[in-house]
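Oh and the sequence shown: position 94 is 1530 in my numbering, straight run, nothing missing. Contents: one structure, followed by commentary.
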Amino acid sequence: MGAVRRMDDDESAIYGTVGYQAPEVAEVGPSVASDLYTVARTLAVMTFDFQGYTNVFVDSLPDPDHIEVFRQYESFYRLLVRATDPDPGRRFASAQELSEQLTGVLREVVSLQTGKARPALSTLFGPEVRVTDTELFPRLDGEVSRLGARVVRAKRGAAAPATASASPAPGTAQAPGVPPALAGQPSPGSASIVRIVDAAAAALALPVPLVDPADPNAGFLAALLTTAPAELLGALAGAPAQSTETRLRQIRAWLENGDAHAALEALRRLEEERPDDWRVVWYRGVAALVTGDHEGAALAFDAVYDAFPGEPAPKLALGLCAEVLGQLDNAAEYYRLVWSTDPSYVSTAFGLARVQLATGDRRGAVQTLESVPESSIHYTAARVAAVRARLRQRTAVAGDVPFLDDLVAAAGQVEALDAYGLDPARREQLSAEVLGCALDWILSGGQGSAPAPLSAPAGQGDPHAAGGRTLLGSDLDERGLRFGLERSYRTLARLARGGEERIDLVERANRYRPRTWV
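Shown next as structure tokens:
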């Protein structure tokens, strides 16, 4: 590995070892950059069986596809690539910078190996601004039960509501003896059930680079209290002098204010002056996402990832880019990496669940959403999404015991959310969705679906139905579930703000109410 000498020694001989010594040392001598190069090469040799590091790969690294540790830990590979860059000016600027990024990579590796998060405060980025996409599913305007809603005879000239016997979706096969609405169950993770991510809003919610303390306006920016974009632009105009940080803050404010043209023009001028400033590259990615240039955004964020492989923020941004580009496997990998390392980035949990649903991994999405910690302000939203992830657009046929297990689990989550301040309207809407799915399961021949006798008291079904189980206070038979749905819709009607909405909800309650003598 060579030897050491005093920093001010420019006369003594330079010793080095082939495979460890930086390529420029023979011409320009040793430096901080060459020392860091040697450290990185040593890490590589110690980490894997580095065949050829003294000849074939004397100043390069093997193809990551051929090295297991590189395939498993992309961040580690990127760290070695930067630390051993042929250009000394593109390596880590100091041992402290390398140490910080190496520690970040180590946290990722340990988190992946142990399953325990290892969060830490970043020295480069603030926390994510907000979580924009906690509502994974679009509003359910149709019936909560595809089989249980009775067809109401339409008034003259009015369109009849959709019935449970609607034709199956194109590409689905109808199983013999199964009602058309249940034939060819939709893919449990079909993208159609998931709300599309708002890329522009998510881009502006990404973590913001911390202000460079050496910037002339660092103190001025720290004293700004306003956050409204228009007011912020006015305040920035009063800065003592323009600097990189004030210009970046202006670019962000223009993007938030919807003035993309001004933001892009200001960004173009700043890029001409500071093309290698990572903060400028980061904002190039944000601006590209906001304006729809998703490929350009991915390139920008990838460059920041190359520079700082131990930081979670670039991976979060790359996960978002991969998702909007349809590269769902890559999106899941980035989201999972960040979420497993630092659960303070809650948007990655929702992003990962969204991608898992889109790729058909319904159970994985539920597990991800249920992993949001109770201490998070988004805990309730995650549990609501988990209930819907279990059941939305899912159809069961007779004997589907796992479906019954999910119904019971979903009902238990709805009841548990009462303790976390779930508002009555959302509680009843969620209850209706669970009861509607249960009714479909019963009507499709689910276990224990014996109908209750017509003379049974209201709300009480066959005590032998479904083993005497109840769901959200309703017997798990057709009669009990219909009473439960009626109850939920009448409660929603009382909570409705408008007359038309109230009428619609009362009509829904009537459509689900079981037939009785009174």
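Cβ atoms here follow ideal geometry from the backbone N, Cα and C, with glycine treated the same way. Remember, predicted model here, so these are calculated numbers, not experimental data.
Practice task
Return the CA-CA distance between G1452 and Q1549, expressed in angstroms with no decimal places.
Solution key: Looking up residue 1452 in the sequence shown gives position 16. Looking up residue 1549 in the sequence shown gives position 113. Straight-line Cα distance between these residues: approximately 36 Å.
Practice task
Have a look at L1497, A1673, P1466 and V1468 and flag the residue whose alpha-carbon is nearest the alpha-carbon of L1479.
Solution key: For this step, residue 1479 is matched to residue 43 along the sequence shown. Considering only alpha carbons, the answer is L1497.
Exercise for the section: May I have the straight-line CA-CA distance separating P1574 from R1526, to the nearest angstrom? Expected result: Position 138 of the sequence shown, counting from 1, holds the residue named residue 1574. Position 90 of the sequence shown, counting from 1, holds the residue named residue 1526. Looking at the two C-alpha atoms, the distance is approximately 46 Å.
Handout entry: C-alpha distance - D1712 paired with T1831, whole-angstrom precision
Key = For the purposes of this step, residue 1712 is taken as residue 276 along the sequence shown, with counting starting at 1. For the purposes of this step, residue 1831 is taken as residue 395 along the sequence shown, with counting starting at 1. Spanning the two alpha carbons is a distance of roughly 54 Å.
Handout entry: Rounded C-alpha distance that separates A1462 from A1635
Key = The sequence position of residue 1462 within the sequence shown is 26, counting from 1. The sequence position of residue 1635 within the sequence shown is 199, counting from 1. Whole-angstrom Cα-Cα distance: 49 Å.
Exercise for the section: Tell me where the alpha helix (DSSP H) around S1547 begins and ends. Expected result: Along the sequence shown, read from residue 1 onward, the residue named residue 1547 stands at position 111. That run of the alpha helix (DSSP H) goes A1531 to T1550.
Problem - Residue range of the unbroken alpha helix (DSSP H) whose run includes R1705 - result: The sequence position of residue 1705 within the sequence shown is 269, counting from 1. Looking at the DSSP string, the run of the alpha helix (DSSP H) that includes R1705 is A1696 to E1709.
Practice task
Examine chain C for any beta-carbon lying closer than 8 Å to the beta-carbon of S1530, and answer yes or no.
Solution key: Note that chain C does not occur in the displayed structure, where there is just one protein chain.
Practice task
Ignore the nearest five residues each way along the sequence and tell me which others in V1481's own chain have a CB closer than 7 Å to its CB.
Solution key: Position 45 of the sequence shown, counting from 1, holds the residue named residue 1481. Around V1481: Y1489.
Problem - Those residues which DSSP pairs with T1906 across a bridge - result: Residue 1906 sits at position 470 when you count from the first residue of the sequence shown. Answer is D1911, bridged to T1906.
Practice task
Please state whether DSSP places F1486 in a helix, a strand or coil.
Solution key: Locating residue 1486 in the sequence shown gives position 50, where the first residue counts as 1. Per DSSP, reduced to three states, the secondary structure at F1486 is coil, with no helix or strand assignment.
Exercise for the section: Determine, using beta-carbon pairs with one atom in the segment 1763-1771 and one in the segment 1785-1801, whether at least three such pairs fall under 8 Å. Expected result: By the Cβ rule, the segment 1763-1771 counts as touching the segment 1785-1801, because three or more pairs are nearer than 8 Å.
Handout entry: Rounded separation between W1714 and Q1849 - CA only
Key = Translated into the one-based positions of the sequence shown, residue 1714 becomes position 278. Translated into the one-based positions of the sequence shown, residue 1849 becomes position 413. Going by the C-alpha atoms only, they are around 44 Å apart.
Exercise for the section: Report the option in D1742, F1839 and A1702 whose CA atom is closest to the CA atom of A1723. Expected result: Walking along the sequence shown from the start, residue 1723 turns up at place 287. Among D1742, F1839 and A1702, the Cα nearest to that of A1723 is on A1702.
Exercise for the section: Would you tell me roughly how many angstroms separate the C-alpha atoms of I1503 and F1484, rounded to the nearest one? Expected result: Indexing the sequence shown from 1 puts residue 1503 at position 67. Indexing the sequence shown from 1 puts residue 1484 at position 48. Each residue's alpha carbon lies about 8 Å from the other.
Exercise for the section: List the residues that DSSP assigns as beta-bridge partners of P1645. Expected result: As a first step, residue 1645 must be located in the sequence shown, where it is residue number 209. Partner(s): F1561.
Problem - Distance between Q1678 and E1958 (C-alpha atoms, nearest Å) - result: What the structure shows of the chain is the stretch from 1437 to 1954, and residue 1958 is not part of that stretch, so it cannot be assessed.
Exercise for the section: Within 10 angstroms of the Cβ of H1697, are there 16 or more other Cβ atoms? Answer buried if so, exposed if not. Expected result: For the purposes of this step, residue 1697 is taken as the residue at position 261 of the sequence shown. The residue is exposed, with fewer than 16 neighbouring Cβ atoms inside 10 Å.
Handout entry: Element boundaries [alpha helix (DSSP H), containing T1777]
Key = By one-based count along the sequence shown, residue 1777 stands at place 341. Taken as a continuous stretch (DSSP letters only), the alpha helix (DSSP H) holding T1777 covers L1764 to T1777.
Handout entry: Reference G1721, options P1809, L1684 and P1466, closest by Cα
Key = Your numbering for residue 1721 matches position 285 in the sequence shown. Measuring from the Cα of G1721, the nearest candidate turns out to be L1684.
Handout entry: N- and C-terminal bounds of the alpha helix (DSSP H) containing P1838
Key = The residue labelled residue 1838 in the question sits at position 402 within the sequence shown. Its alpha helix (DSSP H) spans residues V1837 to A1852.
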